[in-house]
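For what it's worth, the working numbering labels the leading residue of the sequence shown as 6, then goes sequentially.
We put the beta carbon where it would ideally sit given N, CA and C, even for glycine.
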Amino acid sequence: MPSVYIKTYGCQMNERDSEAVAAQLMAKGYTLAPSEAVADVILLNTCSVRDFAEQKALNKMVNIAAETRRNRPEAVLGFMGCMAQSRGQELIDRLPDVDLVLGTQKFHRAADYLGEILAGRRDKIVDVAAEQGSEATIREHLLNGSAKKTVTAFVSIMQGCNQYCTFCIVPYTRGEERSRGIPDIVAECRQLVSQGVKEITLLGQIVTSYGKRTISEKDGKSAFVQLLDAVQEIKGLERIRFTSPHPKGYGDDLIEAYARLPKLVESAHLPVQSGSDRVLKLMHRGYTRARYVGIIEKLRRARPEIGISTDIIVGFPGETGDDFEQTLSLAHEVEFDQAYIFKYSQRRDTPAAEMPGQVPQKVREERNKRLLEVINEIAGRKFNTFIGRQMQILVEGPSKKNPARMTGRTRCNKIVVFDGSERHRGQLMDVKITRAGSFTLYGDPAILD
Ligand code: SF4
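Structural data, given as structure tokens:
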């Protein structure tokens, strides 16, 4: 059987989709190739959120095509994911060496289509159509692909987004919101736990909108909180996370869930995007700065230890110096534990791309630098407060930077590196924090049991 290599660009949703495609192909007998240089099938799972990500994937495919067509002309080349969805046939017109273009509702068709191409029954395939029920097809995991125990897993609970933020291409590449059923998701989580998984992250573009149109409120609880309640009941599961929520979705039922559900960790990623109400309105975010700050206050009251991270865009069209100052002041006011800062990237067919007042690249870069300095300074100060404390971590595996050491994650989503060994993988353990680096904590091995 052929071997496949999948290269993934972009977000956790893409990582999860690639994992499911790889698992589906392995179930059909494919092996996973260690690199593109030896693979019979090479798939690029693409991201469209920024222009840079698209250009990277396009350039990569140009290089792969040049190499494979010279040395292995029979290799099958394909694009999947967001850029495949938004560009479709255009990708083959531009790069004729590409054999397959698979949209975001078609990941589960990869095995069939590749089979047809490899058997010579079809030459080129482009499928970017919508498909009813596709939100429930990302379910296979690669837990058995590695000899090591997998401790954490992502479970896709929904696809798409109806928010239409003016800068964002996602509603056009991922389609309308579509949610899986609660029993279906719980069954997948149970299966993962039975295979040794201790922590599950519920995943979707806008998870707080989960089930809005298909599952009615019950006892004042939204569909998403009902799902959290159901996952909480799974025996053997230790921790629940979710990403990405929308601040609009933080109703009192969700805040109350933080106070009530012990498995729901003290961590929230709440994309704010800007500290200026004027810019938030231009972005079509659907909340004000005051509402956002109010949610953080409520979350901190419910769980004083909660770690808060965010996404911020600098240089959105029309963002003035004063608007940017308001973002800086929000960063000081909220004191984020971590923030992912993005320089605004013009995406074709999005309303913001046509807005007046596009901010010059140089200004975007300056604002990015200034904000980063503030975020890093605050985070550094906050990370230092953990030194000397005892914290519970879930040990995930060897550190990426230094495989001789192990890493775990605190409930508030801080990575802790310590001198452990494979026997600690999957354990919940307390470590004493001895040192803080940039966005990493170091634990004392002396108090390991
Ligand atoms: S909520 Fe806004 S930023 Fe997030 S995926 Fe939807 S449109 Fe994009």
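Check whether residue i and residue j have beta carbons under 8 Å apart
i	j	result
valine 458	asparagine 389	With the chain running from 6 to 454 in the structure shown, residue 458 is simply not present.
valine 46	proline 7	yes
alanine 264	arginine 308	yes
lysine 348	arginine 369	yes
phenylalanine 391	lysine 367	no
glycine 326	methionine 360	no
glycine 280	serine 334	yes
alanine 273	isoleucine 311	yes
lysine 61	glutamate 41	no
glutamine 355	phenylalanine 57	For the sequence presented, residue 355 should be read as threonine rather than glutamine. It is not a contact, given that the beta carbons lie outside the stated cut-off.
CA-to-CA distance, residue j to residue i, given in whole angstroms
i	j	result
leucine 49	glycine 393	45 Å
glutamate 427	threonine 439	21 Å
proline 450	aspartate 104	52 Å
asparagine 407	phenylalanine 423	10 Å
tyrosine 10	alanine 38	5 Å
glutamate 371	leucine 269	38 Å
glutamate 271	leucine 446	17 Å
histidine 289	lysine 253	12 Å
valine 436	proline 267	20 Å
cysteine 52	methionine 434	37 Å
threonine 109	glycine 431	33 Å
arginine 294	aspartate 258	21 Å
alanine 152	isoleucine 300	Confidence at alanine 152 is low in this model, with a pLDDT of 49, below 50, so the placement of that residue is unreliable and no value is reported for it.
glycine 83	threonine 157	29 Å
leucine 453	histidine 429	With a pLDDT of 48 at leucine 453, under the threshold of 50, the predicted position of this residue should be treated as unreliable, and no value is reported.
alanine 235	aspartate 189	11 Å
glycine 448	leucine 399	13 Å
valine 133	lysine 111	7 Å
methionine 66	asparagine 76	15 Å
arginine 313	isoleucine 380	Arginine is not the amino acid found at residue 313; the sequence shown has isoleucine there. Whole-angstrom Cα-Cα distance: 12 Å.
arginine 306	arginine 74	60 Å
alanine 228	leucine 197	22 Å
aspartate 328	proline 176	26 Å
lysine 405	glutamine 137	39 Å
lysine 226	valine 339	27 Å
glutamate 145	glutamine 200	13 Å
tyrosine 14	glutamine 278	22 Å
glutamate 222	phenylalanine 341	32 Å
asparagine 167	glutamine 90	17 Å
glycine 402	lysine 203	13 Å
DSSP bridge partner residues for residue i (one or two, in chain order)
i	result
serine 1	As shown, the chain starts at 6 and ends at 454. That puts residue 1 outside it, with no answer to give.
aspartate 132	Leu107
valine 319	Lys348
valine 400	Gly413
valine 436	Met396
threonine 206	Phe159 and Arg246
isoleucine 420	Arg414
histidine 274	Ser314
arginine 183	Gln164
alanine 441	Leu446
Simplified DSSP state of residue i, which is helix, strand or coil
i	result
isoleucine 220	coil
arginine 244	strand
valine 54	coil
phenylalanine 229	helix
serine 23	helix
glutamine 196	helix
leucine 49	strand
tyrosine 447	strand
serine 334	helix
glutamine 94	helix
phenylalanine 388	helix
histidine 429	helix
methionine 85	strand
glycine 362	coil
alanine 70	helix
glutamine 60	helix
threonine 13	strand
leucine 100	coil
glycine 201	coil
leucine 285	helix
leucine 269	strand
glutamine 237	helix
glutamine 29	helix
Closer than 7 Å: residue i CB and nearest the ligand NAP heavy atom
i	result
histidine 251	Questions concerning the ligand NAP fall outside what the structure shown contains, since the ligands it does hold are the ligand SF4.
Touch check for the segment 313 to 329 and the segment 21 to 29: three-plus C-beta pairs under 8 Å?
no
Is it true that the segment 28 to 40 meets the segment 114 to 121, where meeting means three or more beta-carbon pairs spaced less than 8 Å apart?
yes
Are at least three pairs of beta-carbons, each pair with one atom in the segment 159 to 175 and one in the segment 198 to 216, less than 8 Å apart?
yes
Is there contact here, the segment 239 to 256 with the segment 281 to 288, by at least three beta-carbon pairs under 8 Å?
no
Stretch pair the segment 130 to 149 + the segment 177 to 191: three plus CB contacts closer than 8 Å
yes
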